[in-house]
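Quick note: the sequence shown uses my numbering, first residue 33, plus one each step.
Cβ atoms here follow ideal geometry from the backbone N, Cα and C, with glycine treated the same way.
Quick notes on the structure that follows.
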Amino acid sequence: MLGNIIEIIENNVIVKLQSNIVNLDNIINNYVVIQDKKQIIGEIISLKENNLIIELLGEIINNEFSFGITKKPSLNASVGLLSEKNVPFIISNPEVETKSLLLGYSPIYDNIKIHIDINKFFNSHFAILGGTGSGKSWGVASIIQNIFKNKTYIPYNASLFIFDTYGEYQNAFLGIEHQNPYISVKTYTTNLESDEEILRIPPYLLGVDDLAILLNATTPNQLQIIEKALYLVKIFASEESDVLKIKNDIIARSVLDILLSGRPSVQIRDQVFSILSFYKTSELNLDTILYQPGYNRSLKNCLIIDADGKLREMELLTDFFTSFLLENKEFDDTKQIIYSLEDLENAIDFALISEGILKSEKVYDENNMLKVRIHSLVTGEYKTYFEYEHYLTKENYVNELINKNNRKAEIINFNINYVDDRFAKTIVKIITKMLFDVLKNLKPRASLPFHIILEEAHRYVINDNDVNLLGYNIFERISKEGRKYGILLGLISQRPSELSETALSQCNNFLVFKMVHPKDMDYIKRLIPFMTLEISKRLQMIKPGFCYGFGPAFKLPTMIRLDKPNPTPESNNVDISSTWYININNQ
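The structure is reproduced here in structure tokens:
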């Protein structure tokens, strides 16, 4: 017995040590058992003037530890140290094949393993948070390596999609295949100079929302143009014999709008010239010949303004363009058609004039940005990521993502280190949405879980314009709806305060490494259940590679020392001393 309870203040118990108690080295953070009508478990958080301050943690009910206190102990209760052999009962789940996962070890009780319930951790969203250099990357690599260490029970149907912002996990994950030959790791890269498989997305699988994100659309009008372009691109890329007629119809309608607008003749002429300079076909362009009895003239010569400032051939021009109009032309847009970014650019051009981009400067300025952005993609190196020569459905594309050498890969690592932040966010959103769309339609539901693990999640899972424009953000949607379909998020971040509050609030389990930024500390203290003042103080001082676990997968908030992964991710700080200095005697 350590002593007698002399005071109870909120959730803390003050114990006066007995006079014969000696050798209490390293007693802080040890667990105690308070024997009353029921057994209560507490943690020693400080020792001051021969008084122990103990934080009450939970109770033993029906031989099970239950976190939380229903009734405080009496002053007559006895207080003693919890024996080390009983500590696993409090901080760890039973070690059971396929049911538990070794997460790490207790730094307080040497060599006591901490196992978590696999279901309780991985059947909901989780977050791994911590400042730079706190050991997050090592922690992630260690956890994933431990998942695949069992060579008897193979997690064959695991599908971990890791968006590797800095390309630091490839080394750690490829080692898994060497340690366990039954596991397959597939790596995609954005390094166009690499011999590895390049990450590519079929442009014909992009929907309105995907293109809005890719082209950084900002207004509902731009969504209408994208929707029209997706209709037109299937026509233009098809073998339809009427493609030329449909293009002529679009151009003719745009020109007729201008001819019949009642604007000054000079303005009409200039705008018609502008349309036919950029949008033209072999049958309809400025050099097209208009045939009249007794003479033939090019279309541009029919746009001459007379001495009275009028278009003399207004009637002729109107009749000519009217002759190109089609009536009730329908096209089957459900056909499986392959098209490229170049085809999409062409379709956007015609969608723009079809929607009246030239009717006003405001409309032009607002919507011409789509044309500028698609052109920059088509002419830039990022075009390579959308070069896809064969047709796949969305389901087949996802199957191809996870297929390696005719078998399923359990880890799919996307190295997105070689593209800028905006484009990386675009890639992550588009692929994540495809995965979500596929799992929504999977039967039976949630029969093949996908885990989307986002390194530097604060770059992607943020409050941006998606909600205002599209009505949703894909990460927030998954955070709210994904669990029932089996698509789950793992958010890894050094700046939790910059993450979407909606997404982070839906996480059930947290691993929190060292964190010192005041704004981030205040944020997670409000967000994470059972984050006490004492724990928040410790989080500012713990060593790299140590963390606290919170959530249903843990019996109580627990400090954990994670194993060093083998091999490690490439996340070490630069070694300044070895890179700065040279021995001049060896030169």
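With a cutoff of 9 Å on beta-carbon distance, Ile-60 and Leu-79 are scored as near each other. Three or more Cβ pairs closer than 8 Å define a contact, and the stretch 474-492 meets that threshold against the stretch 186-200. Taking the CA atoms as reference points, Asn-44 sits about 56 Å from Glu-432. For Ser-479, the number of other beta carbons within 10 angstroms of its own is below 16, and it is reported as exposed. Glu-209 sits in a helix when the DSSP states are folded into three classes. Proximity to Glu-374 across Ile-150, Leu-262 and Asn-447 peaks at Leu-262, based on C-alpha coordinates. Excluding sequence positions up to five before and after Ile-369, its CB lies within less than 7 Å of the CB of Tyr-236, Lys-266, Ala-269 and Ser-270, all in the same chain and listed in chain order.
One alpha carbon belongs to Leu-523, the other to Ile-443, and they sit about 16 Å apart.
The beta carbon of Asn-248 sits closer than 7 Å to those of Arg-405, all from its chain and outside the five residues before and after it, given in chain order.
The C-beta distance from Tyr-214 to Lys-168 rounds to 28 Å, too long to fall under 8 Å, and the pair is not in contact.
In terms of Cβ geometry, Glu-487 and Tyr-198 form a close pair [threshold 9 Å]. Annotation for Thr-102: Glu-91 place their beta carbon closer than 8 Å to its own, counting only its chain and skipping 5 residues before and after. Its Cα nearest to that of Lys-415, the residue Leu-246 stands out among Ile-434, Leu-246, Tyr-555 and Met-563.
If the five residues before and after Glu-127 are omitted, its C-beta is found closer than 6 Å to the C-beta atoms of His-147, all from its own chain and listed in chain order. Here Asp-496 carries a coil assignment [DSSP, helix/strand/coil]. Collapsing the DSSP output to three states places Ser-286 in a helix. Thr-590 is bridged by DSSP to Gly-581. As DSSP reads the structure, Tyr-137 sits in a beta bridge with Lys-145 and Arg-593. Ile-258 and Ala-383 have their alpha carbons spaced roughly 8 Å apart. Residue state for Glu-530 is assigned as helix, using DSSP reduced to three classes. Within its own chain, the residues whose Cβ lies closer than 6 Å to the Cβ of Asn-328, once the five positions on either side in sequence are excluded, are Ile-321, listed in chain order.
Scanning its chain for C-beta atoms nearer than 8 Å, with the 5 sequence neighbours on each side dropped, one finds around Ile-208 the residues Ile-176, Gln-177, Phe-180, Ile-215, Val-217 and Ile-443, in chain order. At the C-beta level, Pro-561 and Gly-583 come within 9 Å of one another. Going by beta carbons, Lys-551 and Ser-568 fall outside the 9 Å limit. Secondary structure within the stretch 320-377: the alpha helix (DSSP H) runs of 4 or more consecutive residues, fully enclosed, are 346-354 (chain order). Between Ile-160 and Ser-525, the gap from beta carbon to beta carbon is short of 9 Å. For Gln-67, the pairing in a beta bridge is given by DSSP as Gln-71 and Ser-110. Secondary structure remark: continuous alpha helix (DSSP H) runs of at least 4 residues inside the stretch 471-527, in chain order: 498-502 and 506-517.
As computed with DSSP, Lys-80 is found in a beta bridge with Asn-83. Under the 8 Å Cβ criterion, the stretch 495-511 does not count as touching the stretch 129-137, having fewer than three qualifying pairs. Residue burial annotation: Phe-310 is exposed, with fewer than 16 other C-beta atoms found within 10 angstroms of its C-beta. Judged by DSSP secondary structure, Gly-35 falls within the beta strand (DSSP E) whose first and last residues are 35-41. Residue environment analysis places Asn-447 among the buried positions, since at least 16 neighbouring C-beta atoms fall within 10 angstroms of its C-beta. The DSSP assignment places 192-196 and 217-221 as complete runs of the beta strand (DSSP E) inside the stretch 185-238, in order along the chain (cut-off: 3 residues).
By alpha-carbon distance to Phe-153, the top candidate from Phe-352, Arg-477, Leu-424 and Asn-541 is Asn-541. The closest CA to that of Tyr-201, considering only Tyr-185, Trp-170, His-210 and Thr-534, is found on Trp-170.
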